[in-house]
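Note sheet for the following structure.
Number of protein chains: 4
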Amino acid sequence: MTAPVRVALIGSKFIASIHAESVRQCPAAELFAVASPGEGSAAAFAERFHIPHAFTDYRQMLAMPEIDLVIVGVPNFLHCQVTLDALSAGKHVLIEKPLCMNLREADEMIAAAAKAGRKLMYAEELCFAPKYVRLKQLLDSGALGTPTLLKQSEKHDGPHAAHFWDMERAGGGVTMDLGCHAIEFFRWMLGRPRITSVYAQMATQVHGDKTTGDDNALIILEFENGVTALAEESWTKLGGMDDRAEVYGSKGVAYADLLHGNSIETYSATGYDYAVEKAGSTVGWSFTIYEEAWNYGFLQEIAHFVDCVQHDKPPLVTAEDGRAVLEVIFAAYESARTGRKVSLPFSTDAAKPIDLWISPDPKPRP
Amino acid sequence: MTAPVRVALIGSKFIASIHAESVRQCPAAELFAVASPGEGSAAAFAERFHIPHAFTDYRQMLAMPEIDLVIVGVPNFLHCQVTLDALSAGKHVLIEKPLCMNLREADEMIAAAAKAGRKLMYAEELCFAPKYVRLKQLLDSGALGTPTLLKQSEKHDGPHAAHFWDMERAGGGVTMDLGCHAIEFFRWMLGRPRITSVYAQMATQVHGDKTTGDDNALIILEFENGVTALAEESWTKLGGMDDRAEVYGSKGVAYADLLHGNSIETYSATGYDYAVEKAGSTVGWSFTIYEEAWNYGFLQEIAHFVDCVQHDKPPLVTAEDGRAVLEVIFAAYESARTGRKVSLPFSTDAAKPIDLWISPDPKPRP
Amino acid sequence: MTAPVRVALIGSKFIASIHAESVRQCPAAELFAVASPGEGSAAAFAERFHIPHAFTDYRQMLAMPEIDLVIVGVPNFLHCQVTLDALSAGKHVLIEKPLCMNLREADEMIAAAAKAGRKLMYAEELCFAPKYVRLKQLLDSGALGTPTLLKQSEKHDGPHAAHFWDMERAGGGVTMDLGCHAIEFFRWMLGRPRITSVYAQMATQVHGDKTTGDDNALIILEFENGVTALAEESWTKLGGMDDRAEVYGSKGVAYADLLHGNSIETYSATGYDYAVEKAGSTVGWSFTIYEEAWNYGFLQEIAHFVDCVQHDKPPLVTAEDGRAVLEVIFAAYESARTGRKVSLPFSTDAAKPIDLWISPDPKPRP
Amino acid sequence: MTAPVRVALIGSKFIASIHAESVRQCPAAELFAVASPGEGSAAAFAERFHIPHAFTDYRQMLAMPEIDLVIVGVPNFLHCQVTLDALSAGKHVLIEKPLCMNLREADEMIAAAAKAGRKLMYAEELCFAPKYVRLKQLLDSGALGTPTLLKQSEKHDGPHAAHFWDMERAGGGVTMDLGCHAIEFFRWMLGRPRITSVYAQMATQVHGDKTTGDDNALIILEFENGVTALAEESWTKLGGMDDRAEVYGSKGVAYADLLHGNSIETYSATGYDYAVEKAGSTVGWSFTIYEEAWNYGFLQEIAHFVDCVQHDKPPLVTAEDGRAVLEVIFAAYESARTGRKVSLPFSTDAAKPIDLWISPDPKPRP
C-alpha cells in the first residue's frame with residue numbers, strides 16, 4: 045500500500061479550515077503541518093484539527109522534508125511568493141484562486157513549477173462540484189445539443205476578512221474574488237476553447253465605505269466556437285451564498301442550483317446554528333444546506349490532487365488555467381473602464397487587475 | 045351607468061385572440077368589430093369570438109362611428125401607418141409592442157395622437173402582470189432597500205408567424221421582439237429614471253437558416269440613479285415560454301417567476317392538450333400554467349385602457365414610453381455591432397434597428 | 045343590460061372583507077348593505093368598502109326589498125339561523141363553510157331553500173381556485189390516467205378570531221375549519237362519487253391552552269371508485285398559510301401549490317407590510333403572494349353565484365354538497381375517537397362534530 | 045495502519061451493485077468476493093467490479109476465512125437463512141431491508157448474532173442520507189420546537205425484479221418494500237421512542253395483473269411522546285423515484301426532498317442516458333440527479349459498518365431496529381384488513397405480513 049501523502053497548510057483562516065477538513069476526509073492524505081503568521085493562530089488551528097506541527101513562519105515549515113504537498117490559502121498578494129518558496133523547497137502546491145496578482149507573477153509561478161519538477165494545481169473547486177460535474181456530462185453527452193449560452197453566478201453579501209476589501213492586497217473586487225470561479229467554470233465546461241472577447245459591467249454600489257473595489261459585476265465572454273457566457277457576481281446579495289449555473293443549447297437546457305436548490309426548506313421561530321455560508325439570520329425561513337464542502341467539490345478537489353501527487357498524474361486544473369482566468373479578469377477590468385468589448389489575447393503590465401478600472405463616482409446610498 | 049367602450053381589433057392572429065379574449069372579459073367594453081386582410085380571416089375570427097362586424101379592409105372599419113377604441117396587433121412594419129389611420133379616424137389606439145420600426149415613425153405617431161386629441165397607449169402587458177405589480181410594490185415599499193441590479197428575461201424557441209423572422213417586416217430579431225418587454229419593465233419598475241447607456245451582445249446561433257436577425261441577446265442598461273439592468277432574451281430556448289424577473293437591492297432580493305414558477309408540476313405518460321405557450325411535447329414532465337392571459341396582465345391591460353378611455357385618464361404606459369424603448373433597442377443593435385457601450389440619448393436615421401447590426405458569420409450548427 | 049345583483053353581507057370580520065372586495069370586483073353585482081352586531085362594526089365596514097347601508101341587526105337589513113343576495117360570514121353556530129332568516133326573507137344565500145353545526149340543521153337549511161324557492165350556495169372557494177380548476181381539467185382530460193390517490197392540505201398556525209377556538213361556537217377544530225375544504229375538493233375533483241369510508245387521526249398538540257378542539261388532523265377517505273384521498277390539516281404550522289393539492293393516477297401525477305408555489309421569493313433585511321395570510325415576520329426570507337383572493341377563487345366564486353342568481357342557473361356547489369362534507373366531518377370525529385374506519389352513510393344526532401371525539405390527554409408541551 | 049476489512053457480497057442484482065460501488069469507495073474496505081446462484085452472474089459481477097473471488101454457492105464463499113464482513117442483498121424470503129449461515133461462519137453481517145419475513149425469523153437472527161459474537165447491522169440507508177442527517181440535527185437542536193408530525197415517503201412505479209411482486213418471496217407489497225424505510229426513519233429521527241399504534245390504508249390499484257400485494261399505502265403511526273407520523277408509499281407513481289421528508293414542530297417546519305429537490309432541471313429534445321432511478325423517458329423535462337448513492341447514504345452506511353467492524357463499535361441501526369420495523373409492518377397489514385388502529389406491541393405467528401391482509405377486489409383499470 046502506498047504511503048499517505050503528507051500535507052501542510054499555509055494559512056489558518058476560513059478557506060484553510062475547509063482544506064483541513066477536506067484533507068482529514070481523504071484517506072490517502074495525512075494532515076502534517078500548518079503555518080500561519082498570527083500570534084497563536086497556527087497552534088490553535090493545529091489543535092482544532094489535530095495537526096502535529098504548527099509554525100508561525102511558513103519558511104521553517106517548508107524545510108521539513110516529510111512534507112509532500114502544500115496547500116496555500118493566503119491573501120492574494122502573497123500567492124506568488126509563497127508558491128515560489130514552496131516549489132523551491134521541492135513541494136507540490138495547490139494554490140487557491142485567483143492564481144496571483146498579475147500575469148508576470150503567473151509566468152514566474154508556471155516557470156518555477158517546471159523548473160522544480162513539481163505539480164502546481166490551481167484550486168477551482170467548481171470543476172469538482174458533483175452537481176456541476178453531472179451538468180458537464182449532460183452537455184458532453186449531447187443531451188442539450190450545441191451550447192449557445194452558459195451562465196454561472198456566485199453571490200453573497202461580502203467577504204469577512206479585511207484583505208478582500210483592500211485592493212492593494214486583493215488586486216480586485218468581486219470580479220477577482222468570485223468572477224474567477226465562473227471564468228474557469230465556463231472554460232472547463234466547454235473543454236477549454238479559446239476565449240475571443242470579454243465585456244464587463246462593474247460598480248461599487250453598496251460597500252463604497254469599505255472598498256474601492258467592484259461589489260457587483262456582470263461579465264460576458266465570447267468563445268471561439270460561438271458560445272456566449274455570462275457571469276454574474278455580487279458582494280451585496282443578502283440571504284446567504286448563492287451558486288448557480290445554467291447551460292442553454294440547441295437541443296435543450298439545464299439549470300443547476302448548488303446550494304439554495306439542494307437545501308432543506310426550514311422555518312424556525314427560534315433560529316438555529318447555521319443554514320449556509322453568510323446566511324445572516326436563521327429566524328424565519330431559511331435554506332439549510334448540508335455537507336457544504338462536498339457539494340462545492342472541496343473534498344473531491346483535495347482527493348484529486350493527492351491522487352495526482354501520489355500516482356504522478358496531471359491535475360485537472362493547472363496553473364496555466366489559472367493564468368488564463370487571470371488574463372480574462374484583467375481584460376474585464378479594462379472593459380469596465382473603457383465600456384468596450386476587449387479582444388483576447390490581452391497583455392498588460394498592470395500590477396493588479398483593479399488598476400485597469402476607474403470606478404465612476406459611487407452614488408451615495410441611503 | 046356609463047355606456048360600454050366599443051372596441052375594434054386590427055389583426056386576427058395569435059395576439060389578436062388574446063386581445064379578443066381580454067376584451068370579452070372586460071365588462072366595461074364591447075367587442076364590436078375586427079379587421080384582417082386575409083381571405084376569410086376576419087370573418088372566422090368574428091365568428092369564433094362572437095364579434096358583430098368583420099372587415100378585410102381596416103380602413104372601412106375605421107369609418108364606423110360607433111367604434112371608440114382600436115387595438116392594433118399587426119406586423120411591426122405596419123404599426124405606424126395603421127395607428128396614424130386609426131387616430132385620424134378619431135379612435136383611441138392601443139398599439140402592440142414594439143411601438144414601430146424607427147424613431148421618425150415614433151415621433152409621427154406621438155404627434156398624430158396629440159393632434160387628434162386621442163389616447164395612444166403602448167401595450168406593455170408586463171406592467172400589468174400581477175406578480176410583477178407586487179414585485180414593484182415590494183421595491184417601492186423599501187423592502188429591498190436601494191436597487192442595485194434588475195433582471196428580466198423572456199425566452200422561448202422562436203415565434204410562429206413568418207413576419208417575425210423577416211427583418212424587413214420585423215425590424216429586428218429577439219431584441220426587438222422580446223427585449224422590448226424587459227426595457228419597459230425596467231423603466232416602469234424604477235419609476236422611469238433616465239437610461240444613460242446600453243450594451244448588447246447578440247448572435248444568430250440556432251436559426252440562421254430562417255432569419256438574419258438575432259436569436260439570442262444579452263442587454264445591459266445603466267440608469268442615471270446607478271442601477272444596472274440585465275435583459276436576457278432568447279428565441280432558442282426549448283421547453284416552453286419562460287418569463288422571470290429578479291430585483292436586487294441593498295436590503296434584500298426578490299425572485300419572481302411568472303410561468304414556470306406558478307405552474308402545476310405535471311407528469312403525463314400520455315401527454316395532454318396544452319401546458320404553456322410553445323411548450324413542445326407534454327409527454328413526460330411539464331409545467332402546466334393556467335389563466336395565462338391573467339398572469340401576463342393582458343386582461344388587466346385592456347381593462348385599464350378601456351377605463352382610461354371611458355373616464356379620460358392617462359394610460360400607465362404611453363407612446364412616449366414606447367419611443368424610449370425603441371431608442372434603447374436601436375442603441376442595443378449599435379452596441380452589438382461596435383462592441384461598445386452606447387450612451388443615451390441616441391439618435392439615428394436608421395430605418396429599422398437591425399440595420400445597425402451586422403451579424404458575425406453564424407457558425408454552422410450540427 | 046341586466047340590472048346588477050344587489051348584495052348584502054352578514055358579518056364584518058376577516059372573511060367578510062374578502063367577500064366585500066370580491067363583490068366590488070364583480071361588475072354584475074352591487075355592494076348594497078352590511079350587518080354586524082358589534083358596536084360600530086357595520087358602520088366602519090360600510091365606510092371602508094363604500095357600502096350605502098349598515099345595520100347592527102341583520103334582521104332589519106333582511107327586510108330591505110332591494111337586496112337580492114346575502115352572503116353569510118358569521119361563526120359556525122349561527123350559520124343555520126341566519127340562513128333560515130335570509131331565505132325566509134326571500135333572499136338568495138351564499139353560506140360560508142362549514143355549512144352548519146349538525147345534520148339536522150343542514151336538512152332544515154336545504155328544506156328552507158326549497159320551500160323559499162331561493163338559491164342556497166355552499167361557499168367552497170377551492171372549486172374556483174384557478175390553479176385547482178386547471179388541475180381538475182388535467183385529471184378530467186385523462187392526462188393522469190385513472191386516479192389512485194388525491195391529496196389536499198391547508199395549514200397555518202391557527203385562526204385569529206376567538207370563536208374558532210371555542211368548541212361550543214365552532215363545533216370542531218381544524219378538521220371542521222380546514223378539513224371541510226379538502227373534503228369538498230376531493231368530491232368535486234372526482235365528479236362527486238360516493239364516499240364509502242372515513243378514517244381520521246386527530247390531536248391537540250400545541251394549542252391545548254386555547255382549545256379543546258383538534259389542532260392537527262389527518263383524514264383518509266375511500267371513494268366507491270377505488271380512489272383514496274388524504275387530507276392533511278393543521279392549526280400549528282408556522283411560516284404562513286399553505287394550500288396544496290396532488291393528484292396521482294395510473295398514467296401520471298400532478299402537484300399544485302396554491303400559495304408558496306406561486307409566490308415571489310423575497311429576502312428583506314427590514315421586513316415589509318404583508319407576505320401571505322398568517323406569515324408571521326417578513327424579516328429574512330418570505331414567500332410573497334399577490335392577488336390572494338383571485339388565487340383562492342373567492343372572486344370567481346362570488347361572480348359565479350351572482351351569475352347564477354342573475355340568470356337563474358344552478359350553483360356549482362350546493363347546500364347538499366355542504367351537507368355531504370358535514371357528514372364526513374362527523375364520521376371523521378367518530379373515527380378519531382374509536383380508532384376505526386367509519387363507513388358511510390353515517391348518521392348521528394350529535395349536536396356538533398366535536399362531541400363525537402374525546403381528545404386523549406394532551407401532552408404537556410415545553 | 046489497520047488492515048482493511050474484507051467484504052463479500054451475497055447477491056449480484058441492483059442493490060448488490062450499489063453495495064459493490066459503496067465498498068469500492070470505502071478506503072478501509074476491500075471488495076473480496078461475491079456469490080450469486082445464477083449461471084455466470086457472480087463471475088460477470090466480479091469482472092465488472094474487479095472482485096477477485098466469485099461463487100455460485102454462497103456457502104462455499106462463507107468458508108473463506110479471509111472474509112470479515114458479508115453484505116446480504118437477496119430476496120426477502122432468503123434473508124434469514126443466509127444471515128444465519130453467515131453468522132455461523134463467523135462473519136459480521138449487513139442485512140438489507142426488510143430484516144426478514146416474520147418475527148420468529150427476526151428473533152432467530154438476533155439470537156444467532158449474539159451467540160456468534162458477531163455484528164448484525166440492519167441496512168436502513170436513510171439514517172445515513174446526508175440531507176436527512178442534517179434534518180435530524182435541526183430537529184435535535186430545537187430549531188423546530190417539539191415535533192408534532194413527521195412525514196416520509198418513497199414512491200416509484202414499481203420494482204424491476206420479479207420476486208418483489210411475488211408475495212411468497214417478498215412477504216408484502218409496497219408497505220414491506222418501501223414502508224420499512226419510513227418506519228425506521230421516524231424511529232431514528234425521534235430517538236426511537238415507543239410506537240403505540242399503527243393504522244394503514246392499502247390497495248392494489250394499478251398492478252393487479254402482476255401482484256396480489258399492495259401497490260399503494262398510507263401508514264399512520266402514533267408515538268408515546270404524542271408525535272404522529274405519516275408514511276406514504278407507492279409502486280404506481282410515474283416520473284422517477286421520489287423520496288421526501290417533512291418535520292413539523294411547535295416552533296417550525298422543515299421540508300427535505302432527497303432527489304427531485306436536489307436535481308438538475310433538464311430539458312432535452314433528444315433524451316439522454318439516465319436521470320434518476322425509474323425515471324422512464326428522459327425526453328422533454330426531467331430531473332437529473334447526481335451521486336445518487338451518496339445522496340441516499342449508501343456509501344456512508346457501508347463506511348459506517350466497516351468502521352464498526354474494524355474498531356468494534358455498535359452499528360447505528362441494529363437487527364433489533366429491523367425487528368421493530370417488521371412488527372410495525374405486520375400491524376399495518378392487520379390494520380389494513382380490519383380498518384382499525386392496531387396497538388403495539390403486536391405479536392403474531394403469521395409467516396409473512398401480507399397474510400394478515402385480504403385485499404378488497406381490485407377495481408378493473410382501463
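Residue numbers (my numbering), protein chains in the order written: chain X, 45 to 410; chain Y, 45 to 410; chain B, 45 to 410; chain V, 45 to 410.
Every residue, glycine too, gets a C-beta built ideally from N, C-alpha and C.
- Looking only at B:Ile154, B:Cys171, B:Val297, B:Ala300, the smallest Cα-Cα distance to Phe230 of chain B is reached by B:Cys171.
- Against chain Y, a Cβ distance below 9 Å from Ile115 of chain B picks out nothing, because the smallest value is about 20 Å.
- For a Cβ distance threshold of 8 Å, residue set Ser312, Ala313, Thr314 of chain Y lies close to Lys295 of chain B, ordered along the chain.
- By the rule that beta-carbons nearer than 9 Å mark a contact, Val250 of chain Y does not touch chain V.
- In the structure shown, the three-state DSSP call for Ser185 of chain Y is coil.
- With three or more CB-CB distances shorter than 8 Å, the segment 185-195 of chain X counts as touching the segment 312-328 of chain V.
- Looking at Y:Ala380, Y:Ile227, Y:Trp279, Y:Asp184, the one whose alpha-carbon comes closest to that of Gly293 of chain Y is Y:Asp184.
- Taking the Cβ atoms as the reference, Tyr166 of chain B lies roughly 20 Å from Thr392 of chain B, outside the contact range of under 8 Å.
- By the CB criterion at 9 Å, Lys396 of chain V and Met145 of chain V fall inside the cutoff.
- Taking C-beta atoms as the reference points, His136 of chain Y and Leu113 of chain Y count as a pair closer than 9 Å.
- Counting along the chain, no alpha helix (DSSP H) covers Lys195 of chain V; the unbroken beta strand (DSSP E) around it starts and ends at 191-199.
- Relative to Ala87 of chain V, the option among V:Thr100, V:Leu75, V:Leu274 whose CA is nearest is V:Thr100.
- Within chain X, the residues whose beta carbon sits less than 7 Å from that of Leu188 of chain V are Ser312, listed in sequence order.
- Within chain V, the residues Thr192, Tyr292, Ser294 have their CB atoms less than 8 Å from the CB of Thr280 of chain B, given in chain order.
- The beta carbon of Glu91 of chain X sits no closer than 9 Å to any beta carbon of chain Y.
- Residue pairing for Gln245 of chain Y: DSSP places it in a beta bridge opposite Y:Leu262.
- It is roughly 19 Å from the alpha-carbon of Asp221 of chain X to the alpha-carbon of Glu345 of chain X.
- CA-to-CA, the gap between Gly305 of chain V and Asn306 of chain X works out to about 6 Å.
- Counting of Cβ neighbours within 10 angstroms places Asp259 of chain Y among the buried residues, the total reaching 16 or more.
- Residues of the same chain with a CB within less than 8 Å of the CB of Asp399 of chain B, apart from the 5 flanking positions on each side, are Tyr377 in chain order.
- Residue pairing of Asp287 of chain Y in beta bridges, as defined by DSSP: Y:Glu198.
- DSSP, read as helix, strand or coil, puts Thr310 of chain B in strand.
- Counting along the chain, the unbroken alpha helix (DSSP H) around Trp209 of chain B starts and ends at 206-209.
- When C-alpha distances from Val242 of chain X are compared across X:Gly235, X:Glu371, X:Cys124, X:Thr256, the shortest belongs to X:Glu371.
- Annotated as distal: Pro359 of chain B and Cys224 of chain B, with beta-carbon spacing of 9 Å or more.
- Under a 10 Å Cβ-count criterion, Glu266 of chain B is classified as buried, with 16 or more other Cβ atoms of the shown protein chains found around its own Cβ.
- DSSP, read as helix, strand or coil, puts Trp338 of chain B in helix.
- When the Cα atoms are used, Ala77 of chain Y and Ala98 of chain Y turn out to be separated by approximately 6 Å.
- Close CB contacts of Gly341 of chain X within its chain, under the 8 Å cut and outside five residues either way in sequence, are with Glu169, Leu170, Cys171, Phe172, Ala173, Pro174, Tyr176, Val177 (chain order).
- Residues of chain V whose Cβ lies closer than 8 Å to the Cβ of Gly305 of chain Y do not exist; the shortest such Cβ separation is about 12 Å.
- Taking C-beta atoms under 8 Å as the contact rule, Cys70 of chain B and Ala347 of chain B qualify, at a distance of about 5 Å.
- Partner residues in the beta bridge of Trp329 of chain B, as assigned by DSSP, are X:Trp329, B:Tyr311.
- By the criterion of a C-beta distance shorter than 8 Å, Val118 of chain V is surrounded in its chain by Ile54, Gly55, Val126, Glu140, once the five residues flanking it on both sides are discounted.
- Here Ser278 of chain X is near Leu193 of chain Y, since their CB atoms are less than 9 Å apart.
- For Asp317 of chain Y, the nearest CB of chain B lies under 9 Å from its own CB, placing it at the interface with that chain.
- Inside the segment 75-124 of chain B, DSSP marks whole alpha helix (DSSP H) runs of 4 or more residues at positions 85-92, 102-106, from first to last along the chain.
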